[in-house]
Amino acid sequence: MKIVFFGTPEFAVPTLEVLAQKMKVICVVTQPDKKVGRKQILTPTPVKVSAEKLGIKVIQPRTKKELQESLKDIKADFFVVLAFGMILEKDILEMPKYGCINIHASLLPKYRGASPIQEALLNGDKDTGISIMKMGEKLDQGPVYLLQRIEIEDLDDLETLSKKLETLSAKMAPLVLTDIAEGTLYPLAQIESKATYCKKIEKKDGEINWNFDSEKIHNMIRAYNVWPCAHTKFNGKEIKILEAKVEKKETKIEPGKFFIEDGTLKVSAKNGNIIPKKLQLEGKNPMSDKEFLNGYKAQIESQKSA
């Protein structure tokens, strides 16, 4: 089968690689190269890097018009879309023989939209999964061919859960495409009344409100540990909390205050404390809680006395 693969981030790479092994990926469509970092270095997407290693033609349209023009002469059985970053219109959806297939990292119709993995972690869900659907013109509303569920473990964060889901996607995709082409798998409509949506995450979403419940803050740290990272202020500078534990223990300390108890670094919150295990102070490299205490214990104790 001939496939055009649409994808952009690292999350899409394992599925592309498996499809390239088992089927014929005739081209890859991904977002244009972007300037990254302080030095603004022009950087290709992870999917582009993978496609070039595999020797697959790459298309990087900047507009929907460019996309349509670049695909008009391509004959494909499937368009497979996984975290591409552009809505496909009806004329493109109708191009491939068997239609466009979208792979989405949630249990649809739950968490349609741009950040389903983060949303599951933010809400403290106990499970999530991969849904493979037939694409329609509206966001993640197409009928679903196959849905597979996995458990979210207590220690999972955005990084670990993404790895599990991208592996699951890569396992499911070739089997689903084969069954669709052979006429043995048909999609079922989603239940619209159960649909929920999640938004595109912004930098400001990572700012911690210490008046929130400690469990909610802990979930936020888990959900944002890749980007934008849960962050707060320490001595006037931004500090990211990359890993933490939650302690259900009431304190009389002001919410958001860093303090030391029994040799352990803690930050007070509602209905408990956050125990940071990995932090990154503005302008510094990530460090463990012990490294942080070695460098800033005096400042924390002076805050307490103040």
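Once you know that position 108 of the sequence shown is 104 in the working numbering, the rest is easy, because the numbers rise by one and skip nothing.
Idealized CB from N, CA, C, for every residue including glycine.
Of the residues LYS244, ASP29 and ALA219, the one placed nearest ASP209, counting alpha carbons only: The residue labelled residue 209 in the question sits at position 213 within the sequence shown. Ranking LYS244, ASP29 and ALA219 by Cα distance to ASP209 puts LYS244 first.
Do GLU133 and LYS86 count as a contact pair if the criterion is CB distance below 8 Å? Start at 1 with the first residue of the sequence shown, and residue 86 comes out as number 90. Start at 1 with the first residue of the sequence shown, and residue 133 comes out as number 137. In contact: LYS86 and GLU133 (Cβ atoms closer than 8 Å).
Under a Cβ-count criterion, where at least 16 other Cβ atoms within 10 Å of its own Cβ denotes burial, should GLN36 be classed as buried or exposed? Here residue 36 refers to the residue found at position 40 when the sequence shown is read from its first residue. So GLN36 counts as exposed.
In chain order, what residues of the same chain have a beta carbon less than 7 Å from the beta carbon of PRO170, not counting five sequence neighbours either side? Counting from one through the sequence shown, the residue named residue 170 turns up at place 174. Answer for PRO170: VAL14, LEU15, LYS18 and MET19, listed in chain order.
Sorted by chain position, which residues of the same chain lie with C-beta nearer than 6 Å to LYS212's C-beta, five sequence neighbours on each side aside? Mapped onto the sequence shown, residue 212 falls at position 216. Once the five neighbours on either side are set aside, LYS212 has no close Cβ partner at all.
Looking at the unbroken alpha helix (DSSP H) that takes in THR11, where does it start and where does it end? Along the sequence shown, read from residue 1 onward, the residue named residue 11 stands at position 15. For THR11, the uninterrupted alpha helix (DSSP H) segment begins and ends at 9 to 18.
Could you spell out the range, first to last residue, of the beta strand (DSSP E) harbouring ILE271? Position 275 of the sequence shown, counting from 1, holds the residue named residue 271. Boundaries of the beta strand (DSSP E) harbouring ILE271: 268 to 277, taken from the DSSP string.
THR156 lies in the alpha helix (DSSP H); which residues open and close that run? For the purposes of this step, residue 156 is identified with residue 160 of the sequence shown, where counting begins at 1. Here the alpha helix (DSSP H) through THR156 covers 154 to 177.
Can you grab the Cα-Cα spacing for the pair LYS274 / PHE80, in whole Å? Mapped onto the sequence shown, residue 274 falls at position 278. Mapped onto the sequence shown, residue 80 falls at position 84. Looking at the backbone, the Cα of LYS274 and that of PHE80 are separated by about 32 Å.
For the segment 204 to 242, which segments carrying the alpha helix (DSSP H) assignment without a break, of at least 4 residues, lie completely within its bounds, in sequence order? Listed in chain order, the alpha helix (DSSP H) elements of length 4 or more contained wholly in the segment 204 to 242 are 210 to 219.
Answer yes or no: do ILE99 and LEU118 have a C-beta to C-beta separation smaller than 8 Å? On the sequence shown, residue 99 is found 103 positions in, with the first residue counted as 1. On the sequence shown, residue 118 is found 122 positions in, with the first residue counted as 1. Against a cut-off of 8 Å, the Cβ pair of LEU118 and ILE99 comes out as no contact.
Quick check: the segment 42 to 54 against the segment 140 to 156, are at least 3 beta-carbon pairs closer than 8 Å? In short, these stretches do not touch, since the Cβ pair count stays below three.
In terms of residue numbering, what span does the alpha helix (DSSP H) encompassing SER303 cover? Since the first residue of the chain shown is -3 and the last is 302, residue 303 is not available in this structure.
If GLN276 sits next to ILE217, beta carbons under 8 Å apart, how far is it from one beta carbon to the other, in whole angstroms? As a first step, residue 276 must be located in the sequence shown, where it is residue number 280. As a first step, residue 217 must be located in the sequence shown, where it is residue number 221. No, GLN276 and ILE217 are not in contact; Cβ-Cβ is about 12 Å, not under 8 Å.
Where does LYS196 sit, in a helix, a strand or coil, going by DSSP? Along the sequence shown, read from residue 1 onward, the residue named residue 196 stands at position 200. Residue state, collapsed to three classes: coil.
Using CA atoms only, rank isn't needed, just tell me which of THR11, LEU38, ASP73 and PRO40 is closest to ILE(-1). The residue labelled residue -1 in the question sits at position 3 within the sequence shown. Ranked by how close their Cα comes to the Cα of ILE(-1), the residues THR11, LEU38, ASP73 and PRO40 have ASP73 in first place.
Given a threshold of 16 other Cβ atoms within 10 Å of its Cβ, counted over all protein chains shown, does LYS248 qualify as buried or as exposed? The sequence position of residue 248 within the sequence shown is 252, counting from 1. Burial call: exposed.
Distance, TRP206 Cα to GLY252 Cα: Here the question's residue 252 lines up with position 256 in the sequence shown. Here the question's residue 206 lines up with position 210 in the sequence shown. Answer to the nearest angstrom: the Cα atoms are 5 Å apart.
Output the boundary residues of the alpha helix (DSSP H) element that contains LEU67. On the sequence shown, residue 67 is found 71 positions in, with the first residue counted as 1. Annotation for LEU67: the continuous alpha helix (DSSP H) segment containing it runs 60 to 67.
Is the segment 57 to 69 in contact with the segment 95 to 113, if contact means three or more CB pairs nearer than 8 Å? No, the segment 57 to 69 does not touch the segment 95 to 113.
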